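Read left to right, the sequence shown gives residues 1 to 73 (our numbering).
Have a look at the structure below before the remarks.
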Amino acid sequence: MVKPLHSPIFADLNPKVITFGPHNQIDEVLTYDVFKDSTRDYNFRILDEDGETYQGRDVVASLSEVRKARGRG
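Given below as structure tokens:
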């Protein structure tokens with residue numbers, strides 16, 4: 001059985017992820033935002049440069065749709 005990670009420092013981490021285009025130019029900068037809410041101690045969402053927020057189980061599907069609409073995917 002895997003034990004859950006419980007650390008106060010975990011909620012302070014907001015790492016950035018940079019994606020690159022075909023010519024090694026920066027395509028997008030995404031930020032993982034970890035926070036506590038009424039449903040769980042560690043919830044997360046992904047924020048993009050345009051202020052869009054992606055949260056929950058549909059994160060990957062939502063990001064894929066947005067990237068396609070922007071001509072990036």
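Just so you know, even glycine gets a beta-carbon here, dropped at the ideal spot from N, CA and C.
Values in this document were obtained by computation on a predicted structure and should not be read as measured data.
Rounded Cβ spacing between Glu28 and Thr39 (contact assumed at less than 8 Å): The pair is not a contact, with the Cβ atoms about 28 Å apart (cut-off 8 Å).
Closest by C-alpha distance to Arg67, when choosing among Asp41, Asn43, Leu30, Lys36: Leu30
Whole-angstrom distance between Tyr32 and Pro15, CA atom to CA atom: 6 Å
Please report how far the alpha carbon of Asp41 lies from the alpha carbon of Ser62, in whole angstroms. 24 Å
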